[in-house]
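Asks: Quick note on this note's numbering: the sequence shown kicks off at 1 and runs consecutively. Note that CB positions come from ideal geometry on N, CA and C, so glycine has one too.
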Amino acid sequence: MRLLFIGDIVGPAAGEWLIERLPELRSTYRPDLIVANAENIAFGTARTNGPGLFGMTIALIEPLLDAGVDVITSGNHAWDTDEADTLAVHAHPRVLRPVNMPDDVPGKGWVTIEVLGERVSVVNLATPDAVATARPPRDVWTTLELPGTVIVDLHAESVIQKHIVANGLDGEVAAVLGTHTHEASLFTPILQRGTAFVPEVGMTGHSGGAQGMPGDVFRALWNGDGWGGLTTLAPGPLVLGAVVLDIEDGRTTAIERIH
Ligand SMILES: [Fe+2]
Ligand SMILES: [Fe+2]
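1) Tell me, which residues are paired with Ala217 by DSSP?
2) In whole angstroms, what separates the C-alpha of Thr253 from that of Leu33?
3) With respect to 7 Å, is the separation between the Cβ of Asn40 and the closest non-hydrogen atom of ligand 4 below this value?
4) CB-CB under 7 Å to Ile58, same chain, minus the five flanking residues each way: which ones, in chain order?
5) Could you pull out every residue in the same chain whose Cβ sits closer than 6 Å to the Cβ of Arg193, ignoring the five residues on either side in sequence?
6) Who's in the neighbourhood of ligand 2, going by beta-carbon under 5 Å from any heavy atom, listed in chain order?
7) Output yes or no for whether 8 Å exceeds the beta carbon distance between Arg30 and Gly68.
8) Anyone know if the C-beta pair for Lys162 and Gly148 falls short of 8 Å?
9) Where does Phe187 land, buried or exposed, given buried means 16+ other C-beta within 10 angstroms?
10) For Val201, collect the residues of the same chain with a Cβ closer than 7 Å to its Cβ; drop the 5 residues on either side in sequence, then sort them by chain order.
11) Beta carbon of Asp8: closer than 7 Å to some heavy atom of ligand 1?
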């Protein structure tokens, strides 16, 4: 089974660009399953008001699903849009938010689907350095009963935390694929018990800045001015952050970074 996993989609233009590229990616890599993290897709005029600047709207995620994305994952921005959109997005059976959230948080953290006649469970997991209100991931992980091949979107900020989770789950899951920090990692090993580990898949968004945003936004943070200056995304061309994995009997046999 071949998995195409796409890292954080930043902004609506990146979502449209990905949809345009999907036929080409499908014919080149022939994935059986496509998972994309879309926590940052809603930015600017494409969204309504809400507590954050990114998040997801039904209007932006449905075209992705229609274009062939099987499961959408997210992270700390999962609840950024206004209440109606947030509830609508998380009511969708193929949209996930981190599984280790308190029970009263909208959404669900994993889904099992059938791929080539086999069960595949996609689970979204977070560490508290990326999602402040997340519960300790191991506390929740050990309560889960995930059928079939398991693929983890690990939304975490620290590479050390990502190593802890990936090595902790080595041999138990097919892949631990890092999201959230947006800058793609070169290190993409298959660990000794057969679990693929990508510390950061990388964003699908605008280059020429930082994390898909203008570098001046981070310069403002350096100057103590907070995030308030984020009014546009980075000025450079769109780039793809993605990996392709070959998975057999619940373990990864090959991994390739694609652009
Ligand atoms: Fe993100
Ligand atoms: Fe994030």
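Replies: Based on what the coordinates show:
1) Translated into positions along the sequence shown, residue 217 becomes position 217. Looking at the sequence shown, residue 217 is not Ala but Val. In DSSP, Val217 forms no bridge with anything.
2) Along the sequence shown, read from residue 1 onward, the residue named residue 253 stands at position 253. Along the sequence shown, read from residue 1 onward, the residue named residue 33 stands at position 33. Cα to Cα, the separation comes out at about 16 Å.
3) Summarising the ligand content, the structure contains ligand 1 and ligand 2 and does not contain ligand 4.
4) Your numbering for residue 58 matches position 58 in the sequence shown. Annotation for Ile58: Asp85, Ala88, Val89 place their beta carbon closer than 7 Å to its own, counting only its chain and skipping 5 residues before and after.
5) For the purposes of this step, residue 193 is taken as residue 193 along the sequence shown, with counting starting at 1. The residues are Asp170, Gly171.
6) Output, sorted by chain position: Gly75, Asn76, His180.
7) Working through the sequence shown from its first residue, we reach residue 30 at position 30. Working through the sequence shown from its first residue, we reach residue 68 at position 68. No, they are not a contact pair.
8) The residue labelled residue 162 in the question sits at position 162 within the sequence shown. The residue labelled residue 148 in the question sits at position 148 within the sequence shown. Contact: no.
9) Residue numbering aside, residue 187 sits at position 187 when the sequence shown is read from its first letter. By the beta-carbon neighbour count (other beta carbons within 10 angstroms, threshold 16), Phe187 is exposed.
10) Translated into the one-based positions of the sequence shown, residue 201 becomes position 201. The residues are Phe5, Gly7, Leu177, Gly178, Thr179, Ala184, Gly241, Ala242, Val243.
11) For the purposes of this step, residue 8 is taken as the residue at position 8 of the sequence shown. It does: the Cβ of Asp8 is within 7 Å (strictly closer) of some heavy atom of ligand 1.
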